[in-house]
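Q: Here it is: the structure, laid out below.
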Amino acid sequence: MTRVSPLHAAALPLALVALAAFACTPPAEEATEEEVAIEEETPVEPEAEPATATATLMTADGTEVGTATFTQDVGQTTASFHLTGVSAAGTHGIHVHETGECTPPEFTSAGSHFNPTNADHACPPAAPRHAGDFGNVEIADDGSGHLEITTDLITVEDGPNSVVGKAVILHAGPDDCTTQPTGDAGGRLACGVIESGGMDGMDHDGMDDDGMDEEPGADL
Ligand SMILES: [Cu+2]
């Protein structure tokens, strides 16, 4: 029994060392491992990201009067036109024209309606029609207007029906949806070249959740 005391005496410091070792385990190390695990769980789905193109509409004197956003989903594309500060209330024809050049003051540089299928002019939802036919947007007394149309006649991704590199034209008058090939919508009030990619502040639909990698420094 007298040998037990030295054993106990030796075991106690060992136990303290073991406790100290546990106590010194840095908690930060565990947190780091958890963070890595979370990152690895994030699915990589590049195909889930919608193709988007945008245009900023400017009048001949350089005043910005709205934006157009094109978002391609499976088999169809949604065109969304937001107008603000348009000088004339009422009904205005709005089209995608075939040439992405907006030279003021007439904007005739944008050419004719975008019409890759060589169809007659009409207004949605009538078909066939020009791919660039979006009918009319109603501008309220405060100069604002909104039009959203989903169609399979255009794409954002490369192809014969892609609107990228084309131009959006807001006309001075209404599209009568009948007169060939223009709809007799009058002069060209504003023009914007359609460019690939999103636009700052256009995430009201919450579709930019996984788009962080594509917007470095996009905080204008
Ligand atoms: Cu037009």
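The end of the sequence shown is residue 272 by the working numbering, with every number in the run present. By construction, the Cβ of each residue, glycine as well, lies at the ideal position given by its N, Cα and C atoms.
With distance defined between alpha-carbon atoms, name the residue in 211, 198, 158 and 230 nearest to residue 169.
A: The residue you call residue 169 lines up with position 117 of the sequence shown. The shortest C-alpha separation from residue 169 is found at 211.
Q: Quick check on residue 227: buried or exposed, where buried means 16 or more other Cβ atoms within 10 Å of its Cβ?
A: The sequence position of residue 227 within the sequence shown is 175, counting from 1. With 16 or more Cβ atoms within 10 Å of its Cβ, residue 227 is classed as buried.
Q: Flag this pair as yes or no: are the beta carbons of residue 208 and residue 124 separated by less than 8 angstroms?
A: As a first step, residue 208 must be located in the sequence shown, where it is residue number 156. As a first step, residue 124 must be located in the sequence shown, where it is residue number 72. Cβ distance < 8 angstroms, so residue 208 and residue 124 count as in contact.
Q: Straight-line CA distance for residue 214 to residue 167?
A: As a working mapping, residue 214 is identified with position 162 in the sequence shown. As a working mapping, residue 167 is identified with position 115 in the sequence shown. The straight-line gap from Cα to Cα measures roughly 11 angstroms.
Q: For the putative contact between residue 131 and residue 186, defined by C-beta atoms under 8 angstroms, what is the C-beta separation to the nearest angstrom?
A: Translated into the one-based positions of the sequence shown, residue 131 becomes position 79. Translated into the one-based positions of the sequence shown, residue 186 becomes position 134. The pair is a contact, with the Cβ atoms about 6 angstroms apart (cut-off 8 angstroms).
Q: What are the uninterrupted segments assigned as beta strand (DSSP E) that are 3 or more residues long and contained completely in the stretch 186–267, given in chain order?
A: With a minimum length of 3 residues, the continuous beta strand (DSSP E) runs that stay inside the stretch 186–267 are 197–203, 219–223 and 240–245.
Q: Say the cut is 7 angstroms; is the CB of residue 237 nearer than that to a heavy atom of ligand 1?
A: Taking the first residue of the sequence shown as position 1, residue 237 is located at position 185. The answer is yes for residue 237.
Q: Am I right that residue 223 and residue 134 are in contact with their C-beta atoms under 8 angstroms? What's the rounded C-beta distance?
A: Translated into the one-based positions of the sequence shown, residue 223 becomes position 171. Translated into the one-based positions of the sequence shown, residue 134 becomes position 82. About 17 angstroms separates the two Cβ atoms, so there is no contact after all.
Q: Three-state secondary structure (DSSP) at residue 161?
A: The sequence position of residue 161 within the sequence shown is 109, counting from 1. Correct three-state label for residue 161: helix.
Q: Quick one: what's got a C-beta closer than 7 angstroms to residue 163's C-beta in the same chain, skipping five residues either side?
A: Indexing the sequence shown from 1 puts residue 163 at position 111. The beta carbon of residue 163 sits closer than 7 angstroms to the beta carbons of 149, 150 and 151 from its chain, once the five residues preceding and following it are set aside; these are given in chain order.
Q: In angstroms, rounded to a whole number, what distance separates the CA positions of residue 239 and residue 102?
A: Working through the sequence shown from its first residue, we reach residue 239 at position 187. Working through the sequence shown from its first residue, we reach residue 102 at position 50. In a straight line, the C-alpha of residue 239 is about 34 angstroms away from that of residue 102.
Q: Is residue 182 near ligand 1, in the sense that its beta carbon is under 7 angstroms from a heavy atom of that ligand?
A: In the sequence shown, the residue the question calls residue 182 occupies position 130. Answer for residue 182: no, Cβ out of range of ligand 1.
Q: Going by DSSP in three states, residue 122 sits in which element: helix, strand or coil?
A: Position 70 of the sequence shown, counted from the first residue, corresponds to residue 122. Correct three-state label for residue 122: strand.
Q: At the level of alpha carbons, what is the spacing between residue 196 and residue 171?
A: Residue numbering aside, residue 196 sits at position 144 when the sequence shown is read from its first letter. Residue numbering aside, residue 171 sits at position 119 when the sequence shown is read from its first letter. Approximately 31 angstroms between the Cα atoms of the pair.
Q: Buried or exposed: where does residue 230 fall if 16 or more other Cβ atoms within 10 Å of its Cβ makes it buried?
A: Taking the sequence shown and counting its residues from 1, one reaches residue 230 at position 178. Residue environment: residue 230 is assigned as exposed (fewer than 16 neighbouring CB atoms within 10 Å of its CB, all protein chains considered).
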